[in-house]
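K.L.:
Can you keep this structure in mind? I'll have questions shortly.
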Amino acid sequence: MKILRILFSLVLSLIVVVCFAPKAWAFCGFYVAKADTKLYNQASQVVIARDRDRTILTMANDYQGDIKDFALVVPVPVVITEEQVNVGDPKIIQRLDAFSAPRLVEYFDSDPCGPLSEYRRIPAPVNTVSGGFRGVTEDQALGVTVEERFSVGEYDIVVLSARESNGLETWLRRNGYRIPRGANRLLRPYIRQNMKFFVAKVNLEEFEEAGYQMLRPLMIAYESPKFMLPIRLGMINSTKEQDLIVYILSPKGQAEITNYRTVKVPSNSELPVFVKEEFTDFYKAMFQTSYEQEGKKVAFLEYAWDMGWCDPCADNPLTPEELKRAGVFWLNSQRGTNVFITRLHVRYSRDKFPEDLMFQETSNRQNFQGRYVLRHPYEGEMDCRAGEEYQRSLNKRFEQEAQTLAKLTGWKMGDIRKKINFTQNHSTPWWRSVWD
Numbered sequence: 009m010k011i012l013r014i015l016f017s018l019v020l021s022l023i024v025v026v027c028f029a030p031k032a033w034a035f036c037g038f039y040v041a042k043a044d045t046k047l048y049n050q051a052s053q054v055v056i057a058r059d060r061d062r063t064i065l066t067m068a069n070d071y072q073g074d075i076k077d078f079a080l081v082v083p084v085p086v087v088i089t090e091e092q093v094n095v096g097d098p099k100i101i102q103r104l105d106a107f108s109a110p111r112l113v114e115y116f117d118s119d120p121c122g123p124l125s126e127y128r129r130i131p132a133p134v135n136t137v138s139g140g141f142r143g144v145t146e147d148q149a150l151g152v153t154v155e156e157r158f159s160v161g162e163y164d165i166v167v168l169s170a171r172e173s174n175g176l177e178t179w180l181r182r183n184g185y186r187i188p189r190g191a192n193r194l195l196r197p198y199i200r201q202n203m204k205f206f207v208a209k210v211n212l213e214e215f216e217e218a219g220y221q222m223l224r225p226l227m228i229a230y231e232s233p234k235f236m237l238p239i240r241l242g243m244i245n246s247t248k249e250q251d252l253i254v255y256i257l258s259p260k261g262q263a264e265i266t267n268y269r270t271v272k273v274p275s276n277s278e279l280p281v282f283v284k285e286e287f288t289d290f291y292k293a294m295f296q297t298s299y300e301q302e303g304k305k306v307a308f309l310e311y312a313w314d315m316g317w318c319d320p321c322a323d324n325p326l327t328p329e330e331l332k333r334a335g336v337f338w339l340n341s342q343r344g345t346n347v348f349i350t351r352l353h354v355r356y357s358r359d360k361f362p363e364d365l366m367f368q369e370t371s372n373r374q375n376f377q378g379r380y381v382l383r384h385p386y387e388g389e390m391d392c393r394a395g396e397e398y399q400r401s402l403n404k405r406f407e408q409e410a411q412t413l414a415k416l417t418g419w420k421m422g423d424i425r426k427k428i429n430f431t432q433n434h435s436t437p438w439w440r441s442v443w444d
């Protein structure tokens, strides 16, 4: 059965060793996990590269099912022509995810009886659809105009305008798009705004001949003062909550959502060391708790940074060539790699997000990252007063870490304390694997 969805793809990350000056008794740290989009069963992803009124929108499809049933309908502010559409590289979205994902970092306490540690920073490493298109006269009777028709890569694309939603829904059904009931209700607001409809299907012969294993992202370039992302049509197929990760690339600074509140994910919290083995469960629970506390109607800022550098780096910044493949069109020798990335995580549902996402560019270049800290206690011999003070401080520290974890996740304190005690009683000195 053909379905109508606006969904975008998932990605993965890697681990990079880093080191920077931590708190007392701490030594070099390194990243041990990332809250990338693999944490979610279905996490749509969109990349928006925008400068003034010019936009390149990349939509990565996470469609699961028979490829012949795939259909994509996206409201766009202007008529899109063949020259404005391209097929993107899914690896670029993976790179953006790796660079910007919230991360877990761990440190190892140094010997409190030893000399004060000196910290040093380590750099980071055109066929028609089945059934054919109807004639122009019939299209006009339905109030639908086919503005453009072309193929790009494995996609057959039409760009439509319409006078009323019932006619548009009828046209889509008659031309092989078996869309869910009630679609005309969600199509209606876009028609009132005089928006066009970018409609894509898979050219099966092209897809099979090329030997693709999955659908590649679609990239659309256009000019419009409207800086928005339509999410309402994506709710046709589901009454459940959906996760959306938006990477906004701008030469100015942070991008903001104007019609919903944006809050930062909790960050820089010190957690019990057992979270290292349960980071996926931790981040899911932490995000859900924050989401519920905010009334399920906010967007979360997970990362904001100048793409030209990072401190510390979870992954290397994208190269100028990679940035161009991500849609950045303003790079030149005078402006350099002037790209600021904003990563927004939106968990939305029909009742809490009645409007599409509206954005604005800002000149705010303040950096932010979702970051969670593990501090391993020193496990060697300590024969000094500072060592005694250090040992006495540990129970208080463990209790504070437990309380922080319980507050962030809603997990029970009793369960957390048991895991902390088990970890401390069964821990292996961090250097043991090296000597053994």
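Taking the numbering used here, the leading residue of the sequence shown gets 9, the next gets one more, and so forth.
We put the CB at the ideal spot given by N, CA and C, even for glycine.
With a cut-off of 8 Å, do at least 3 Cβ pairs link the region 77 to 89 to the region 212 to 232?
P.N.:
Output reads yes: the region 212 to 232 touches the region 77 to 89.
K.L.:
Which same chain residues end up closer than 6 Å to S277 when comparing Cβ atoms and leaving out the 5 residues on each side of it in sequence?
P.N.:
For the purposes of this step, residue 277 is taken as the residue at position 269 of the sequence shown. Contacts found: Y380 and T412.
K.L.:
Using DSSP bridges, identify the partner residues of S169.
P.N.:
In the sequence shown, counting from the first residue as 1, residue 169 sits at position 161. In DSSP, S169 forms a bridge with T153.
K.L.:
For Y48, which residues of its own chain have a beta-carbon under 7 Å away from its beta-carbon, when the five flanking residues on both sides are left out?
P.N.:
Along the sequence shown, read from residue 1 onward, the residue named residue 48 stands at position 40. D251.
K.L.:
Within this structure, are the beta carbons of D314 and R351 separated by less than 9 Å?
P.N.:
Counting from 1 along the sequence shown, the entry for residue 314 is found at position 306. Counting from 1 along the sequence shown, the entry for residue 351 is found at position 343. No, Cβ-Cβ distance for D314 and R351 is not below 9 Å.
K.L.:
Assess contact between the region 407 to 422 and the region 305 to 319, defined as three or more Cβ pairs (one per stretch) separated by less than 8 Å. Is contact present?
P.N.:
Cβ pair count under 8 Å is below three, so no.
K.L.:
For N183, does the count of other Cβ atoms within 10 angstroms reach 16, so buried, or fall short, so exposed?
P.N.:
One-based indexing of the sequence shown puts residue 183 at position 175. Buried: at least 16 other Cβ atoms inside 10 Å.
K.L.:
Does the distance from the C-beta atom of I199 to that of R171 stay below 9 Å?
P.N.:
Start at 1 with the first residue of the sequence shown, and residue 199 comes out as number 191. Start at 1 with the first residue of the sequence shown, and residue 171 comes out as number 163. Closer than 9 Å, so yes.
K.L.:
Do the region 257 to 264 and the region 322 to 337 meet, that is, are 3 or more Cβ pairs less than 8 Å apart?
P.N.:
Touching, per the Cβ criterion.
K.L.:
Do D97 and G388 have their C-beta atoms within less than 9 Å of each other?
P.N.:
Counting from one through the sequence shown, the residue named residue 97 turns up at place 89. Counting from one through the sequence shown, the residue named residue 388 turns up at place 380. It is not a contact, given that the beta carbons lie outside the stated cut-off.
K.L.:
DSSP has P83 in a bridge; who is on the other side?
P.N.:
Along the sequence shown, read from residue 1 onward, the residue named residue 83 stands at position 75. DSSP output for P83 lists F205 as bridge partner(s).
K.L.:
Any C-beta of chain B sitting closer than 9 Å to the C-beta of E213?
P.N.:
No chain B is present in this structure, which holds just one protein chain.
K.L.:
Does the ligand FMN have a heavy atom nearer than 8 Å to the CB of L413?
P.N.:
As presented, the structure is devoid of all ligands, the ligand FMN included, so that no description of it is given.
K.L.:
In chain order, which beta strand (DSSP E) runs of at least 3 residues are fully inside the region 331 to 415?
P.N.:
Listed in chain order, they are 348 to 356, 365 to 369 and 379 to 384.
K.L.:
Measuring alpha carbon to alpha carbon, tell me which residue in M222, S108 and F205 is nearest T153.
P.N.:
For the purposes of this step, residue 153 is taken as residue 145 along the sequence shown, with counting starting at 1. Checking every option, the nearest Cα to that of T153 belongs to F205.
K.L.:
Looking at the secondary structure, which residues open and close the alpha helix (DSSP H) in which N94 lies?
P.N.:
Here residue 94 refers to the residue found at position 86 when the sequence shown is read from its first residue. First-last for N94: V93 to V95, but that is the beta strand (DSSP E), not the alpha helix (DSSP H).
K.L.:
Taking 7 Å as the limit between beta carbons, can you name the residues of its chain near S169, skipping five residues before and five after?
P.N.:
Stepping through the sequence shown from its first residue, residue 169 is reached at position 161. Only T153, E155 and K204 meet the Cβ criterion.
K.L.:
Here's the rule I'm using: 16 or more other beta-carbon atoms within 10 Å means buried, otherwise exposed. How should F430 be labelled?
P.N.:
The residue you call residue 430 lines up with position 422 of the sequence shown. Burial call: exposed.
K.L.:
For the alpha helix (DSSP H) that I199 lies in, which residues bound it at each end?
P.N.:
Residue mapping note: residue 199 aligns to position 191 of the sequence shown, counting from 1. Counting along the chain, the alpha helix (DSSP H) containing I199 begins and ends at A191 to R200.
K.L.:
Taking buried to mean at least 16 other C-beta atoms within 10 Å of its own C-beta, is E5 buried or exposed?
P.N.:
Lying outside 9 to 444, the shown extent of the chain, residue 5 is not represented and no answer is given.
K.L.:
Using beta-carbon positions only, say whether V367 and M227 come within less than 9 Å of one another.
P.N.:
Here the question's residue 367 lines up with position 359 in the sequence shown. Here the question's residue 227 lines up with position 219 in the sequence shown. Residue identity check: residue 367 is Phe in the sequence provided, not Val. For F367 and M227, no; Cβs fall outside 9 Å.
K.L.:
Whose C-beta lies closer than 6 Å to the C-beta of I56 among residues of the same chain, with five residues either side of it excluded?
P.N.:
Stepping through the sequence shown from its first residue, residue 56 is reached at position 48. L65 and I256, listed in sequence order.
K.L.:
Would you identify the three-state DSSP class for Q262, choosing helix, strand or coil?
P.N.:
Position 254 of the sequence shown, counted from the start, is the residue given in the question as residue 262. Three-state result, Q262: coil.
K.L.:
Is DSSP giving M294 helix, strand or coil here?
P.N.:
On the sequence shown, residue 294 is found 286 positions in, with the first residue counted as 1. M294 falls in the helix class under three-state DSSP.
K.L.:
What are the residues that DSSP puts in a beta bridge with F158?
P.N.:
As a working mapping, residue 158 is identified with position 150 in the sequence shown. In DSSP, F158 forms a bridge with I165.
K.L.:
Quick one, which of M390, E363, N433 and Y398 has its alpha-carbon nearest L194's?
P.N.:
In the sequence shown, residue 194 corresponds to position 186, counting from 1. The residue with the shortest Cα to Cα distance from L194 is E363.
K.L.:
Quick check: what's the CA-CA separation for A43 versus R189?
P.N.:
The count along the sequence shown starts at 1 and reaches residue 43 at position 35. The count along the sequence shown starts at 1 and reaches residue 189 at position 181. Cα-Cα distance, rounded: 36 Å.
K.L.:
What residue from A51, D147 and T45 has the CA that sits closest to G242's CA?
P.N.:
On the sequence shown, position 234 is the one that residue 242 refers to. Looking at the Cα atoms, A51 is the closest of the given residues.
K.L.:
What span of residues does the beta strand (DSSP E) with S277 cover, start to end?
P.N.:
Residue numbering aside, residue 277 sits at position 269 when the sequence shown is read from its first letter. Note, S277: beta strand (DSSP E), S277 to L279.
K.L.:
Could you have a look at I187 and say whether DSSP puts it in helix, strand or coil?
P.N.:
Counting from 1 along the sequence shown, the entry for residue 187 is found at position 179. Coil at I187, not helix or strand.
K.L.:
Please state whether the Cβ-Cβ distance between V166 and V210 is less than 9 Å.
P.N.:
Residue numbering aside, residue 166 sits at position 158 when the sequence shown is read from its first letter. Residue numbering aside, residue 210 sits at position 202 when the sequence shown is read from its first letter. Contact flag unset, no.
K.L.:
With 16 other CB atoms within 10 Å as the buried threshold, where does N69 fall?
P.N.:
Residue mapping note: residue 69 aligns to position 61 of the sequence shown, counting from 1. Result: buried.
K.L.:
When you compare the CB positions of Y356 and E249, do they come within less than 9 Å of one another, or not?
P.N.:
Walking along the sequence shown from the start, residue 356 turns up at place 348. Walking along the sequence shown from the start, residue 249 turns up at place 241. It is a contact, given that the beta carbons lie within the stated cut-off.
K.L.:
Please go through the same chain and pick out, in chain order, the residues whose beta-carbon is closer than 6 Å to the beta-carbon of V354, but skip the five residues on each side of it.
P.N.:
Position 346 of the sequence shown, counted from the start, is the residue given in the question as residue 354. Counting only Cβ-Cβ distances below 6 Å, and skipping sequence neighbours, we find L252 and A307.
K.L.:
So, are the CB atoms of R383 and F116 less than 9 Å apart?
P.N.:
Taking the sequence shown and counting its residues from 1, one reaches residue 383 at position 375. Taking the sequence shown and counting its residues from 1, one reaches residue 116 at position 108. Yes, they are a contact pair.
K.L.:
Taking just the CA atoms, how far does L223 sit from G122?
P.N.:
The residue given as residue 122 occupies position 114 in the sequence shown. The residue given as residue 223 occupies position 215 in the sequence shown. Each residue's Cα considered, the two are about 57 Å apart.
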